[in-house]
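In our numbering, the protein residues as written are 1028 to 1266. Beneath this line is the structure, given in C-alpha cells, with notes to follow.
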C-alpha cells in the first residue's frame, strides 16, 4: 500500500544552502523514518514487509536481512526489486498466511491508515502473531485524507491513529516527518515556498521525535515476547 503517497520523504530540490545543511544534519542523526528503520531492523535476519507496495519503504535501505513482501495490489508486487525481496505474495494484510513467529521482524509502513479502525486492530494482531522479535509501524499522526492512486482503491485512507492509541497497544512511539500541519494530502506543503517549509519540517525533527503528538507521522515499535518467555528480546536496539 505504501506505493501511493507512502511515508513522507523530505526533498532537497530547490532547498538552497540552508535547506541542504539542515538535511545533512537530520540525515546524519538518523531522525527520519528510514533512520529509525535502520536502527530497529538492522539485526533482523528475516523481515516481512506488510503492504509493501513497490518496496519504497524498505528496498532502499542497505544491509537488511531477507525480505518478503505482501500486498493486495498485483501491479505493485510485479514492480518489486527482486534483488531485495526474496518472496512476494498477494494477500490481505488482516489474514497473513504465515505460521506464528515466522519472521524476526515485521514492518507495516504506511498501511494502518488504509484500513478501517476495526480492520486496523486486526492487522496489528496479525503483525504481532507472525513476528518473532519486533514489529514496526509507520502511520500518519491522526487522520490525513487521501484519494485513490495508481488505480488502486486500497490507497484511500479510512482511519487515523494517534500516539495514545498506539501506546495503549504496547508500542513505543517516535514522532517523524516534521511538524504536524505543515503538509496536506500526499505530503505536499500547505504553504509556499515549499523549500522553506521543507527546511522547517526537517529542522523540527528532533522536537517531534521526542514529542510525537506534534509530529506529522508516528513510528511505532514493539518488542515481541513469546508466550512463556520473560524479559525483552535483543531485537529492540537502544536508541
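Idealized CB from N, CA, C, for every residue including glycine. Model, not experiment: these values are computed from the prediction.
Look at the alpha carbon of residue i and the alpha carbon of residue j, and state the distance between them as a whole number of angstroms.
i, j, result
"residue 1193", "residue 1102", "31 Å"
"residue 1204", "residue 1155", "25 Å"
"residue 1111", "residue 1168", "29 Å"
"residue 1244", "residue 1207", "8 Å"
"residue 1323", "residue 1223", "Examination of residue 1323 is not possible in this model, given that the chain is present from 1028 through 1266 alone."
"residue 1098", "residue 1179", "11 Å"
"residue 1157", "residue 1148", "15 Å"
"residue 1077", "residue 1172", "21 Å"
"residue 1233", "residue 1242", "10 Å"
"residue 1220", "residue 1170", "25 Å"
"residue 1109", "residue 1198", "31 Å"
"residue 1079", "residue 1086", "9 Å"
Mind checking residue i: buried by the 16 CB within 10 Å criterion, or exposed?
i, result
"residue 1201", "buried"
"residue 1252", "exposed"
"residue 1127", "exposed"
"residue 1229", "buried"
"residue 1090", "exposed"
"residue 1249", "buried"
"residue 1141", "buried"
"residue 1094", "buried"
"residue 1100", "buried"
"residue 1184", "buried"
"residue 1062", "buried"
Which partner residues does residue i have in the DSSP bridge list?
i, result
"residue 1228", "According to DSSP, residue 1228 bridges with nothing at all."
"residue 1167", "1244"
"residue 1075", "1095 and 1133"
"residue 1112", "1094"
"residue 1117", "1098"
"residue 1179", "1176"
"residue 1158", "1130"
Report all residues from its chain with a CB closer than 6 Å to the CB of residue i; omit the five preceding and five following residues, and keep chain order.
i, result
"residue 1240", "1190"
"residue 1124", "1118"
"residue 1289", "Within the shown structure, residues of the chain are numbered from 1028 to 1266, placing residue 1289 beyond reach of any answer."
"residue 1115", "1096, 1104 and 1107"
"residue 1146", "1121"
"residue 1075", "1095, 1130 and 1133"
"residue 1010", "This structure gives no information on residue 1010, because the portion of the chain shown stretches from 1028 to 1266."
Between residue i and the rest of its own chain, which residues show a CB-CB distance below 7 Å, the 5 nearest in sequence each way excluded?
i, result
"residue 1196", "1151"
"residue 1144", "1186"
"residue 1081", "1030, 1103, 1106 and 1107"
Enumerate in chain order the residues of its own chain whose CB-to-CB distance from residue i is below 8 Å, with the five nearest sequence positions on each side excluded.
i, result
"residue 1113", "1093, 1094 and 1095"
"residue 1227", "1205, 1206 and 1209"
"residue 1139", "1147, 1150, 1151, 1164, 1166, 1186 and 1188"
"residue 1238", "1202"
Can you determine whether any heavy atom of the ligand GTP sits closer than 7 Å to the C-beta of residue i, and answer yes or no?
i, result
"residue 1078", "Although the ligand GTP was asked about, the structure shown includes no ligands whatsoever."
Inset, instruction - Evaluate the contact criterion for the region 1158-1169 versus the region 1063-1072: three or more CB pairs, one atom per stretch, below 8 Å. - result: yes
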